[in-house]
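Chemist: One line per chain: the protein sequences are A and B, in this order. If you're matching positions, the first sequence starts at 1 in the numbering used here and goes up one per residue. If you're matching positions, the second sequence starts at 133 in the numbering used here and goes up one per residue. Yeah, the Cβ is synthetic: ideal placement off N, Cα and C, and Gly gets one too. One structure, pasted below without further comment.
Number of protein chains: 2
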Amino acid sequence: MNISQAATASGLPAKTIRYYEDIGLIRPKRSTNGYRTFSDTNLHQLNFLARARALGFSIDDCRSLLALWEDNARASADVKQIAKDHLSEIEIKIADLSAMRDTLTDLVTSCDGNDRPNCPILNSLSAPVSSR
Amino acid sequence: MNISQAATASGLPAKTIRYYEDIGLIRPKRSTNGYRTFSDTNLHQLNFLARARALGFSIDDCRSLLALWEDNARASADVKQIAKDHLSEIEIKIADLSAMRDTLTDLVTSCDGNDRPNCPILNSLSAPVSSR
DNA sequence: CCTTGACCTTCCAGTAACGGGAACCCCTAT
DNA sequence: ATAGGGGTTCCCGTTACTGGAAGGTCAAGG
């Protein structure tokens, strides 16, 4: 199976698949003409990576998860730890973004949005934190 | 005022301030020895930038906002538009992250996290989307 | 046999917004 | 004179790719 078929089957762009090989996440064989050849195992790995990335895991996490996945003697605690850490980071990001959203919502609501210069948004950005 | 004082006063690292000059966000004068000299105006700009960045505005947005801030003939509608667009992007990010959080929470809950290999998290990452 | 077009390959540059660190200059105090 | 704590420029590294150039490969058609 060539790269474009692997791309279609995994939902990953061919460019991304090449990149994953570059950084050592997958190791497809090569046929005599130099083309990458993707085995069923490679396809499983690509699908795994696509799903892990969709859940926001970093490439480094993906590398660890993939190794655990292929290790039949793994401890599920190791997997869970990675997932928990990642979950914590996501929750932090959500909290940060939510705070921004709340502030921005207030600001957007308070701005008339007309052709006049007066603007609470800019006023807020100009003001010291204490007065916001 | 030298860069380290400007950094302390604005809460931005000196590196970041140099970077902002590099990309043309601010234009501090130089004294004869080549040191950057920060005026009150520069400080106001830095504080403005620090606050806008803290709200998640991109550097490009900051550039626009700064220009509007300095333009006494601005229309508040222009400011509001930038803020609204940014708010939309934040809400999309929150939605994406929340979906990840929900899935991850389920997975983490379902994994025993012991020394045995059986792991619902890995199972889920191995499985096609339909079965998740 | 030659060409065309769709593949495939490698390699290089760019993205956002800095941070680290090297190599070097400036100023003040001892 | 020297030590230290400023400052300066410049270049590389970060994340996870994406775009594009230059060129090899392959199957089909004239």
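1. Apply the 10 Å Cβ neighbour rule to proline 160(B) and answer buried if 16 or more other Cβ atoms are within range, or exposed otherwise.
2. So, is the C-beta of alanine 67(A) closer than 8 Å to a C-beta in chain B?
3. According to DSSP, is threonine 235(B) helix, strand or coil?
4. Looking at the C-beta of serine 171(B), does it have a partner C-beta in chain A at a distance below 8 Å?
5. Would you call the region 113 to 121 of chain A and the region 207 to 216 of chain B in contact, with 3 or more CB pairs under 8 Å?
6. Let me see if you follow: with CB-CB separation under 8 Å, is asparagine 134(B) close to chain A or not?
7. Please list, in chain order, the chain A residues whose beta carbon lies closer than 7 Å to that of asparagine 165(B).
8. Let's test the definition: count the other Cβ atoms within 10 Å of the Cβ of isoleucine 17(A) and tell me whether it reaches 16, buried, or not, exposed.
9. So, is glutamine 5(A) buried or exposed, given that buried needs 16 or more other C-beta atoms within 10 angstroms?
10. Closest to leucine 175(B) by C-alpha separation, out of Leu187(B), Phe189(B), Ala186(B) and Ala141(B), would be which residue?
11. Determine whether the beta carbon atoms of alanine 182(B) and leucine 144(B) lie at a separation below 8 Å.
12. So, using beta-carbon positions, are isoleucine 191(B) and glutamine 177(B) closer together than 8 Å?
13. Going by beta carbon distance, what residues of the same chain come within less than 8 Å of asparagine 134(B), once the five residues before and after it are set aside?
14. With a threshold of 8 Å between beta carbons, is aspartate 112(A) in contact with chain B?
15. Please work out which residues of its chain come closer than 7 Å, Cβ to Cβ, to alanine 7(A), disregarding the five sequence neighbours upstream and downstream, and give them in chain order.
16. For serine 230(B), would you say it is in contact with chain A, using Cβ-to-Cβ distances shorter than 8 Å as the test?
17. Counting pairs of Cβ atoms below 8 Å between the region 88 to 98 of chain A and the region 223 to 236 of chain B, do you hit three or more?
18. Is there at least one Cβ from chain B nearer than 8 Å to isoleucine 59(A)'s Cβ?
19. Distance cutoff 8 Å, beta carbons only. Does serine 131(A) sit that close to anything in chain B?
20. In three-state terms, what does DSSP make of arginine 36(A)?
21. Would you report the Cα separation of arginine 264(B) and arginine 74(A), rounded to the nearest angstrom?
22. With DSSP as the reference, label serine 263(B) as helix, strand or coil.
23. Between alanine 138(B) and chain A, is the shortest Cβ-Cβ distance under 8 Å, so that the two count as touching?
24. Name the chain B residues whose beta carbon is nearer than 9 Å to that of serine 126(A)?
25. Between Glu70(A), Ser126(A) and Ala83(A), which has its C-alpha nearest arginine 53(A)'s C-alpha?
26. Could you give the residue range of the alpha helix (DSSP H) that holds isoleucine 158(B)?
27. Under 7 Å Cβ to Cβ from arginine 162(B), same chain only, skipping five residues before and after it: list those, please.
28. Look at tryptophan 201(B) and serine 124(A) and say whether their C-beta atoms are less than 8 Å apart.
Modeler: Looking at the atomic coordinates:
1. Here residue 160(B) refers to the residue found at position 28 of the second sequence. When all chains shown are included, proline 160(B) counts as buried.
2. Sequence index remark: in the first sequence, residue 67(A) carries index 67 (1-based). Chain B, which has no Cβ nearer than 8 Å to the Cβ of alanine 67(A), makes this no.
3. In the second sequence, counting from the first residue as 1, residue 235(B) sits at position 103. In the displayed model, threonine 235(B) falls within a helix according to three-state DSSP.
4. For the purposes of this step, residue 171(B) is taken as residue 39 along the second sequence, with counting starting at 1. Cβ-Cβ to chain A under 8 Å: no for serine 171(B).
5. With the cut-off at 8 Å, the region 113 to 121 of chain A and the region 207 to 216 of chain B touch.
6. Start at 1 with the first residue of the second sequence, and residue 134(B) comes out as number 2. Between asparagine 134(B) and chain A, the shortest Cβ-Cβ separation is not below 8 Å.
7. One-based indexing of the second sequence puts residue 165(B) at position 33. Within chain A, no residue comes near asparagine 165(B); the closest Cβ sits about 31 Å away, beyond 7 Å.
8. Here residue 17(A) refers to the residue found at position 17 of the first sequence. Counting Cβ neighbours within 10 Å, isoleucine 17(A) comes out buried, since at least 16 surround it.
9. As a working note, residue 5(A) is residue 5 in the first sequence. By the neighbour-count criterion, in which 16 or more other beta carbons inside 10 Å mark a residue as buried, glutamine 5(A) falls on the exposed side.
10. Translated into positions along the second sequence, residue 175(B) becomes position 43. The candidate whose alpha carbon is nearest that of leucine 175(B) is Ala141(B).
11. For this step, residue 182(B) is matched to residue 50 along the second sequence. For this step, residue 144(B) is matched to residue 12 along the second sequence. Closer than 8 Å, so yes.
12. Taking the first residue of the second sequence as 1, we reach residue 191(B) at position 59. Taking the first residue of the second sequence as 1, we reach residue 177(B) at position 45. Between isoleucine 191(B) and glutamine 177(B), the CB-CB gap reaches or exceeds 8 Å.
13. Mapped onto the second sequence, residue 134(B) falls at position 2. Tyr167, Arg168, Thr169 and Phe170, listed in sequence order.
14. The residue you call residue 112(A) lines up with position 112 of the first sequence. Yes, contact with chain B.
15. The count along the first sequence starts at 1 and reaches residue 7(A) at position 7. Setting aside the 5 residues that flank it on each side, alanine 7(A) is surrounded in the same chain by Pro13, Ala14 and Ile17, each with a C-beta closer than 7 Å to its C-beta; the list follows chain order.
16. Walking along the second sequence from the start, residue 230(B) turns up at place 98. Using a Cβ-Cβ cut-off of 8 Å, serine 230(B) counts as an interface residue toward chain A, since at least one Cβ of chain A sits closer than that to its own.
17. Yes, the region 88 to 98 of chain A touches the region 223 to 236 of chain B.
18. Counted from its first residue, the first sequence places residue 59(A) at position 59. Put simply, the CB of isoleucine 59(A) is far from chain B, with every gap to its CB atoms at 8 Å or more.
19. Walking along the first sequence from the start, residue 131(A) turns up at place 131. For serine 131(A), the pLDDT reaches just 48, beneath the cut-off of 50, and the residue's location in the model is therefore unreliable, although a value from the coordinates is still provided. Closer than 8 Å: no.
20. On the first sequence, residue 36(A) is found 36 positions in, with the first residue counted as 1. Three-state result, arginine 36(A): strand.
21. Translated into the one-based positions of the second sequence, residue 264(B) becomes position 132. Translated into the one-based positions of the first sequence, residue 74(A) becomes position 74. Model confidence at arginine 264(B) stands at a pLDDT of 45, short of 50, so the residue's coordinates are unreliable; what they give is reported in the following sentence. One C-alpha to the other measures close to 22 Å.
22. Translated into the one-based positions of the second sequence, residue 263(B) becomes position 131. Low per-residue confidence applies at serine 263(B): pLDDT is 49, beneath 50, and the placement is therefore not dependable, though the value from the model is reported in the following sentence. Helix.
23. Here residue 138(B) is taken as the residue at index 6 of the second sequence, counted from 1. Chain A, which has no Cβ nearer than 8 Å to the Cβ of alanine 138(B), makes this no.
24. Working through the first sequence from its first residue, we reach residue 126(A) at position 126. Here the neighbours are His176, Asn179, Phe180, Arg183 and Trp201.
25. Counted from its first residue, the first sequence places residue 53(A) at position 53. Considering only alpha carbons, the answer is Ala83(A).
26. The residue you call residue 158(B) lines up with position 26 of the second sequence. First-last for isoleucine 158(B): undefined, no H or E at that position.
27. By 1-based counting over the second sequence, the position of residue 162(B) is 30. Here the set comprises Arg168 and Thr169.
28. In the second sequence, the residue the question calls residue 201(B) occupies position 69. In the first sequence, the residue the question calls residue 124(A) occupies position 124. No; because the gap between Cβ atoms is not below 8 Å, this pair is not in contact.
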